[in-house]
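Asker:
What follows is the structure, given as structure tokens:
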């Protein structure tokens with residue numbers, strides 16, 4: 035049972051946020067889910083949450099960019115897990131202003147309200163993209179920050195804003211820095227769902243961008259456990275903590291493994307529109323997760339090649355369930 039009262043999850047309607055909301059509810063937390071207001075009254079992936087948690091959490095529909103709404107959402111809460119953000123890198127190339135408003139201003143709104151309302155814990159979500167291409171591996175939290183896309187630049191800004199509130203006002207902030215999370219419900223703008231949905235749709239020639247960069251992929255259950263470990267630990271205040279598998283694999287090899295798990299022979303073809311500008315491509319990501327193990331007693335359950343194959347199997351199982359593929363546009367590039 036939680037040592038906190040009500041916990042707000044921003045971005046609860048998204049991929050990681052919906053899984054986190056479900057797990058928190060199952061663990062006995064009193065959860066308020068902050069979803070993006072829309073006229074259709076949809077709650078994103080929470081509309082399809084598991085039956086055992088349906089109706090067991092409160093929903094607040096608002097906009098992270100609106101300071102008044104954010105403060106209203108945080109009233110009566112004791113802690114906040116702040117996931118709401120724009121995360122698609124290609125979209126940030128032509129609409130960077132939206133990223134500044136959502137990622138930096140949105141984070142400021144959360145921090146300001148948390149400070150005024152005297153919350154006991156603020157967990158701010160970073161990303162491995164803030165490191166840019168690895169200058170050394172595995173990447174520790176001391177690695178330099180490099181904005182190689184407007185997206186990563188705004189996340190660096192948001193991270194620094196969060197730490198400034200800790201240093202200036204002693205706001206109890208901890209920063210979680212997940213590496214590349216994958217799993218059921220992920221958007222097809224990410225590479226693993228891109229590959230799975232193309233294969234599931236019957237395509238043999240799989241369109242991808244650059245395939246030589248490496249990533250440190252984390253199954254969503256491990257990432258969620260990282261968030262909860264941050265929430266429950268007092269040792270994360272004023273800290274930035276990597277959540278990664280400490281396993282590096284290229285995009286090309288990832289596609290081959292997915293083909294093997296799905297028992298399909300595939301050919302990878304380069305699609306010009308999917309390529310990042312040369313200096314914007316992050317060539318290598320590989321997490322050092324020793325700090326998370328030391329401070330949080332967290333470690334990945336889907337570690338190494340065996341864990342990656344197991345996580346991919348569970349992801350593929352979800353994507354190939356009846357009706358799942360119809361939610362995705364497998365035949366086109368998702369920005």
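Residue numbers (our numbering): 35 to 369.
Every residue, glycine too, gets a C-beta built ideally from N, C-alpha and C.
Given the structure is predicted, the values throughout are model-derived calculations rather than measurements.
Taking only three categories from DSSP, how would you classify residue 262?
Answerer: Counting from 1 along the chain shown, the entry for residue 262 is found at position 228. Here residue 262 carries a helix assignment [DSSP, helix/strand/coil].
Asker: Closest to residue 168 by CA distance: which of 233, 159 and 178 is it?
Answerer: Here residue 168 refers to the residue found at position 134 when the chain shown is read from its first residue. The option with the nearest alpha carbon to residue 168 is 178.
Asker: Name the DSSP bridge partner or partners of residue 40?
Answerer: Residue mapping note: residue 40 aligns to position 6 of the chain shown, counting from 1. Looking at the DSSP assignment, residue 40 forms a beta bridge with 64 and 111.
Asker: Which same chain residues, not among the five before or five after residue 130, have their C-beta less than 6 Å away from its C-beta?
Answerer: Here the question's residue 130 lines up with position 96 in the chain shown. The answer, listed in chain order, is 184.
Asker: Taking DSSP's pairing of strands, which residues face residue 304 in a bridge?
Answerer: Position 270 of the chain shown holds residue 304. For residue 304, which the question treats as bridged, DSSP gives the partners 242.
Asker: Which residues bound the alpha helix (DSSP H) around residue 295?
Answerer: Taking the first residue of the chain shown as 1, we reach residue 295 at position 261. Unbroken alpha helix (DSSP H) run through residue 295: 285-295.
Asker: Tell me, please, whether the segment 203-210 touches the segment 37-50 by the rule of three or more beta-carbon pairs shorter than 8 Å.
Answerer: no
Asker: I'd like the ranges of any alpha helix (DSSP H) spanning at least 4 consecutive residues and lying wholly in the segment 317-355.
Answerer: Here the runs fully enclosed are 324-330 and 338-353.
Asker: Rounded to the nearest angstrom, how far is the Cβ of residue 222 from that of residue 231, given a contact under 8 Å?
Answerer: Within the chain shown, residue 222 is the residue found at index 188, counting from 1. Within the chain shown, residue 231 is the residue found at index 197, counting from 1. The Cβ separation is near 6 Å, so the contact holds.
Asker: Give the straight-line distance between the Cα atoms of residue 286 and residue 66, rounded to the nearest whole angstrom.
Answerer: On the chain shown, residue 286 is found 252 positions in, with the first residue counted as 1. On the chain shown, residue 66 is found 32 positions in, with the first residue counted as 1. Going by the C-alpha atoms only, they are around 40 Å apart.
Asker: Only counting the same chain, and skipping five residues up and downstream in sequence, which positions put a Cβ closer than 6 Å to that of residue 305?
Answerer: Working through the chain shown from its first residue, we reach residue 305 at position 271. Around residue 305: 241.
Asker: One question on the structure: do residue 181 and residue 173 come within less than 7 Å of each other, judged by their Cβ atoms?
Answerer: One-based indexing of the chain shown puts residue 181 at position 147. One-based indexing of the chain shown puts residue 173 at position 139. Cβ distance not < 7 Å, so residue 181 and residue 173 don't count as in contact.
Asker: Taking the beta strand (DSSP E) that residue 133 belongs to, which residues open and close that run?
Answerer: Counting from 1 along the chain shown, the entry for residue 133 is found at position 99. Careful: residue 133 lies outside any beta strand (DSSP E), inside the alpha helix (DSSP H) at 130-133.
Asker: Of the choices 144, 219, 62 and 224, whose alpha-carbon is the least far from that of residue 122?
Answerer: Within the chain shown, numbered from 1, the residue matching residue 122 stands at position 88. Checked all of 144, 219, 62 and 224; the closest Cα to residue 122 is 224.
Asker: If you check the beta carbons only, do residue 83 and residue 106 fall under 7 Å apart?
Answerer: Looking up residue 83 in the chain shown gives position 49. Looking up residue 106 in the chain shown gives position 72. No, they are not a contact pair.
Asker: CA-CA distance, residue 239 and residue 218?
Answerer: Position 205 of the chain shown, counted from the start, is the residue given in the question as residue 239. Position 184 of the chain shown, counted from the start, is the residue given in the question as residue 218. Cα-Cα distance, rounded: 23 Å.
Asker: Might you give, ordered along the chain, the residues of its own chain that have their beta carbon closer than 7 Å to the beta carbon of residue 2, omitting 5 neighbours on each side?
Answerer: Nothing about residue 2 can be reported from this structure: the residues present for the chain run from 35 to 369 only.
Asker: Give a yes or no on whether the C-beta atoms belonging to residue 284 and residue 337 are separated by under 7 Å.
Answerer: Start at 1 with the first residue of the chain shown, and residue 284 comes out as number 250. Start at 1 with the first residue of the chain shown, and residue 337 comes out as number 303. No. Outside cutoff.
Asker: Flag this pair as touching only if the segment 262-273 and the segment 206-213 have three or more C-beta atom pairs under 8 Å; answer yes or no.
Answerer: yes
Asker: Could you spell out the range, first to last residue, of the alpha helix (DSSP H) harbouring residue 189?
Answerer: What you label residue 189 is simply residue 155 of the chain shown in a count that begins at 1. Where residue 189 is concerned, the enclosing alpha helix (DSSP H) stretches over 184-203.
Asker: Residues in its own chain within less than 7 Å of residue 307 by CB, not counting five upstream and five downstream?
Answerer: Residue 307 sits at position 273 when you count from the first residue of the chain shown. The answer, listed in chain order, is 367.
Asker: Taking residue 58 and residue 262 to be in contact with their CB atoms under 8 Å, please state how far apart those CB atoms are, rounded to whole angstroms.
Answerer: Locating residue 58 in the chain shown gives position 24, where the first residue counts as 1. Locating residue 262 in the chain shown gives position 228, where the first residue counts as 1. Rounded, the Cβ-Cβ distance is 7 Å, consistent with contact.
Asker: Who are the near neighbours of residue 101 in its chain, counting only those whose CB is closer than 6 Å to its CB and skipping five residues on each side?
Answerer: In the chain shown, the residue the question calls residue 101 occupies position 67. Here the set comprises 143.
Asker: Just how far apart, CA to CA, sit residue 49 and residue 258?
Answerer: Against the chain shown, residue 49 aligns to sequence position 15. Against the chain shown, residue 258 aligns to sequence position 224. Whole-angstrom Cα-Cα distance: 11 Å.
Asker: Pick helix, strand or coil for residue 53, following the three-state DSSP scheme.
Answerer: Within the chain shown, residue 53 is the residue found at index 19, counting from 1. It is helical.
Asker: Nearest-angstrom Cα distance between residue 96 and residue 151?
Answerer: The count along the chain shown starts at 1 and reaches residue 96 at position 62. The count along the chain shown starts at 1 and reaches residue 151 at position 117. Cα-Cα distance, rounded: 18 Å.
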